[in-house]
Each structure stands twice: as C-alpha cells, then as structure tokens.
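Anchor point for the first sequence: position 19 equals 231 in our numbering, and the numbering is continuous, going up by one each time.
A quick write-up on the structure given underneath.
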Amino acid sequence: MGTESTSSSAHAAIRAAIRAVPPGRVSSYGAIAARAGLRGRARLVGRVLREGDSPALPWHRVLHSDGRLAAPPGTALAREQMRRLAAEGVPVRKGRVAREYFIDGDDLDVLLWRG
DNA sequence: AGGATGACGGGAG
DNA sequence: ACTCCCGCCATCC
C-alpha cells in the first residue's frame, strides 16, 4: 500500500465528522477534530481537506472557529466556498458566517448536529 | 537531521 | 476588531 502516513483511521474519522455536518450548517476545524476524537489537531483536519480525495466531502461547511472562511478572500477557493454556502442558505457577511449557523459548542456529542 | 510551512486555535496586547 | 505569538503536528525542502 502505498506510503501510509498518519493513521488512516484518523483521516477516516475526520471525514466522517465532516460528512456529519448537514446542509445549511457549518462547523470549525477544531470542532471537527474534536468530534473525530482528535482534539487539538485542527490542522490535521485542514490537511485531510486539502487532500480532497473524497468527492462527497462537504469541505465548504468547514470554517475557522471565528466564522471566517477557510481560504483567504479573493481566492478561487474562497469564492467557491461562499457560492456553495449561499446555495445552502448560509449567508456570508464580510467573509464570515454568523455563530448561529455553527454546530459546535462545548460538547459536540450533546449537540448531535441537529437543527 | 533541522528548519520552514500550513484549508487551525486561543490567548494576549 | 486587529496584530502578534505560541502550541500542535504531518509534510516539505
């Protein structure tokens, strides 16, 4: 198998956590990591998204903890993310999404991503 | 082997 | 609200 790197199980857990975010809602890298049992590894989430070998991965629903989009303003990626969010009814003001659209809090297990 | 990088986060000034 | 800084960690050079 190809050069295995980092626990592929960790990557799988992260992907599952990302897919668990329903349309019309968003979450943060840190929250996704925590939900995947990898608290503190927010950067690992970013790494997994960057690989992007998962077609059904709703990467656009993953934002910074402060509500900012993942990519810097002006980039094609940021525009695409904003477009996808808008398509799901998530308003983006000045490159950020309001806290009320986030499904992360203190205990993700309690929230259960429900809307 | 060592230093820099980054789709991060949180605290501090 | 913004900038700077440090912690974390897999990759990259």
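Cβ coordinates follow ideal geometry from the N, Cα and C atoms, glycine included.
For clarity, every value in this text was computed on a predicted model and none was experimentally measured.
Check the DSSP bridge columns for residue i and list the partner residues they point to.
i, result
"arginine 280", "Arg308"
"serine 239", "Val274"
Can you give the Cα-Cα distance for residue i and residue j, rounded to whole angstroms?
i, j, result
"serine 277", "alanine 245", "12 angstroms"
"arginine 237", "arginine 273", "7 angstroms"
"arginine 308", "serine 266", "25 angstroms"
"glutamate 341", "proline 303", "Nothing about residue 341 can be reported from this structure: the residues present for the chain run from 213 to 327 only."
"arginine 295", "serine 221", "31 angstroms"
"alanine 310", "isoleucine 230", "19 angstroms"
"glycine 301", "serine 219", "35 angstroms"
"glycine 252", "histidine 223", "14 angstroms"
"aspartate 316", "alanine 299", "21 angstroms"
"leucine 256", "arginine 262", "10 angstroms"
"serine 239", "tyrosine 313", "8 angstroms"
Have a look at the options and flag the residue whose alpha-carbon is nearest the alpha-carbon of residue i.
i, options, result
"leucine 275", "Arg227, Gly264, Gly258", "Gly258"
"arginine 247", "Gly264, Ala228, Arg311", "Ala228"
"alanine 268", "Leu281, Pro234, Gly307", "Pro234"
"glycine 279", "Glu300, Ala222, Arg305, His223", "Arg305"
Excluding sequence positions up to five away, which residues of its chain have a Cβ less than 7 angstroms from the Cβ of residue i?
i, result
"glycine 249", "Ala225"
"valine 260", "His223, Ile226, Arg227"
Short of 6 angstroms in beta carbon distance, which residues of its chain neighbour residue i, apart from the five on each side in sequence? Order them along the chain.
i, result
"alanine 254", "Tyr241, Gly242, Ala245"
CB-CB under 8 angstroms to residue i, same chain, minus the five flanking residues each way: which ones, in chain order?
i, result
"alanine 290", "Leu281, Ala282, Ala283, Pro284, Gly307"
"glycine 264", "Trp271"
Query raised in the report: Can you list the beta strand (DSSP E) stretches of 3 or more residues lying completely in the region 243-267, in chain order?
Result: Taking only runs of at least 3 residues, no beta strand (DSSP E) segment lies wholly in the region 243-267.
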